[in-house]
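Chains as they are written, first to last, in this note's numbering: chain A, 1 to 111; chain B, 1 to 112.
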Amino acid sequence: SQELEQSPQSLIVQEGKNLTINCTSSKTLYGLYWYKQKYGEGLIFLMMLQKGGEEKSHEKITAKLDEKKQQSSLHITASQPSHAGIYLCGAEGGSQGNLIFGKGTKLSVKP
Amino acid sequence: IAGITQAPTSQILAAGRRMTLRCTQDMRHNAMYWYRQDLGLGLRLIHYSNTAGTTGKGEVPDGYSVSRANTDDFPLTLASAVPSQTSVYFCASSASIEYTQYFGPGTRLTVL
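Set out below in C-alpha cells:
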C-alpha cells in the first residue's frame, strides 16, 4: 500500500524566514494535496498538484511536484505567525479511492 | 454557505454507551467520508459514501457504522463506545470520490 512520509516532523522558525516541508511517496503520485490544520480545527485545503513538474502558489506558499511524481515540497516565503499550524500532504492512494495522508509537519513561527 | 458542520464539538462518553456524531454538508457533494485523527497515526479513513444510499468500509471500520439516507447528512454511530475510540473525528466531503475533499471542524471524543 502507498505511504506518505513528511519531513521534518516539526519545525520552529523565526518570523520572516523561509522554510520547506517535504512529502515523499512510496509510489507514483497521481494527485497530491496539501492541507493546513490549526490546533483544534479542521483541515483547510491549500493546493492540489497532478502533473510532474507542476508548481502552484497561493500568497506566500508555493507547492511543487517533482518530475518523477514521487515527491512534493511546500515552500513558505517570509514566514508569519499566521502560517503556524500542522501541514499535511494527502494523495489518491487508498484502497477505496480515498485519500491517504502523511502524519503532518508541525510549524511554529516565532515573532 | 456553512460548508460542513459537525456536532457535537466535543463529548465525554462513558464506555459502553452509544453515540452518534453528526455531519451535514450544504455543497451538494456526492461523496462523504469519516476519518479519525490520532497522535502518531495521522488521519485514517473509517467509512465513506460515494453517493446517497451507498456506504463502504475504510481502513478502520470496526466498532463504527454509518448511514447515508440523503445527500447532505452522513452520521457516524458508535454502538458501544470503548476507550480506544477516543480520538478527533473529521467528516469530509467531495464532489465525487476523485475530487478535492473539504473537511469539517471535527469532533473531539473522549471515552472513559
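All C-beta atoms in this analysis are idealised placements derived from N, C-alpha and C, irrespective of residue type, glycine included.
- Message: Which of the three DSSP states is assigned to S84 of chain B in this structure?
- Response: Against the second sequence, residue 84 of chain B aligns to sequence position 84. The answer is helix: DSSP assigns S84 of chain B an H, G or I state.
- Item | Partner residues on chain A for Q113 of chain B, Cβ-Cβ distance less than 7 Å | Residue 113 of chain B lies beyond the range of chain B shown here (1 to 112); nothing can be said about it.
- Per DSSP, T55 of chain B is paired with what? Taking the second sequence and counting its residues from 1, the one referred to as residue 55 of chain B is at position 55. T55 of chain B is not bridged to any residue.
- Return no unless some Cβ of chain B is closer than 8 Å to the Cβ of L141 of chain A. Since the first and last residues shown for chain A are 1 and 111, residue 141 of chain A lies out of range.
- Message: Rounding to the nearest angstrom, what Cα-Cα distance links Q11 of chain B and T110 of chain B in this structure?
- Response: Taking the second sequence and counting its residues from 1, one reaches residue 11 of chain B at position 11. Taking the second sequence and counting its residues from 1, one reaches residue 110 of chain B at position 110. In this model, Q11 of chain B and T110 of chain B are separated by some 6 Å (Cα to Cα).
- Task: Anything in chain B within Cβ reach of E92 of chain A, meaning under 8 Å, just list it in chain order.
- Result: For the purposes of this step, residue 92 of chain A is taken as residue 92 along the first sequence, with counting starting at 1. Here the neighbours are E98.
- Give a yes or no on whether 8 Å exceeds the smallest Cβ distance from L76 of chain B to chain A. Along the second sequence, read from residue 1 onward, the residue named residue 76 of chain B stands at position 76. No, its Cβ sits nowhere closer than 8 Å to a Cβ of chain A.
- Message: Going by C-alpha to C-alpha distance, which of A:I76, A:G53, A:L32 and A:I12 sits closest to P111 of chain A?
- Response: In the first sequence, residue 111 of chain A corresponds to position 111, counting from 1. Checking every option, the nearest Cα to that of P111 of chain A belongs to A:I12.
- Item | Beta-carbon gap between F54 of chain B and R68 of chain B smaller than 8 Å | Here the question's residue 54 of chain B lines up with position 54 in the second sequence. Here the question's residue 68 of chain B lines up with position 68 in the second sequence. At residue 54 of chain B the sequence reads Thr, which differs from the Phe that was named. Less than 8 Å divides the Cβ of T54 of chain B from the Cβ of R68 of chain B.
- According to DSSP, is H75 of chain A helix, strand or coil? The residue given as residue 75 of chain A occupies position 75 in the first sequence. DSSP places H75 of chain A in strand when its eight states are reduced to three.
- Task: Determine whether the Cβ of Q117 of chain B lies closer than 8 Å to any Cβ atom of chain A.
- Result: The first residue shown for chain B is 1 and the last is 112, placing residue 117 of chain B beyond what the model contains.
- Identify the continuous beta strand (DSSP E) that holds E92 of chain A and give its terminal residues. By one-based count along the first sequence, residue 92 of chain A stands at place 92. Per DSSP, E92 of chain A belongs to the beta strand (DSSP E) from G85 to E92.
- Query: Considering only residues of the same chain and omitting the five flanking positions on each side of V88 of chain B, which have a CB-CB separation below 6 Å?
  - Reply: Within the second sequence, the letter at position 88 stands for residue 88 of chain B. Once the five neighbours on either side are set aside, the close Cβ partners of V88 of chain B are Q37, G106 and R108.
- Query: Leaving out five residues before and five after A95 of chain B in sequence, what residues of the same chain have Cβ atoms less than 6 Å from its Cβ?
  - Reply: For the purposes of this step, residue 95 of chain B is taken as the residue at position 95 of the second sequence. H29.
- Message: Can you check whether the C-beta of Y33 of chain B is within less than 8 Å of a C-beta belonging to chain A?
- Response: Taking the second sequence and counting its residues from 1, one reaches residue 33 of chain B at position 33. Taking 8 Å as the threshold, the shortest C-beta distance from Y33 of chain B to chain A falls below it.
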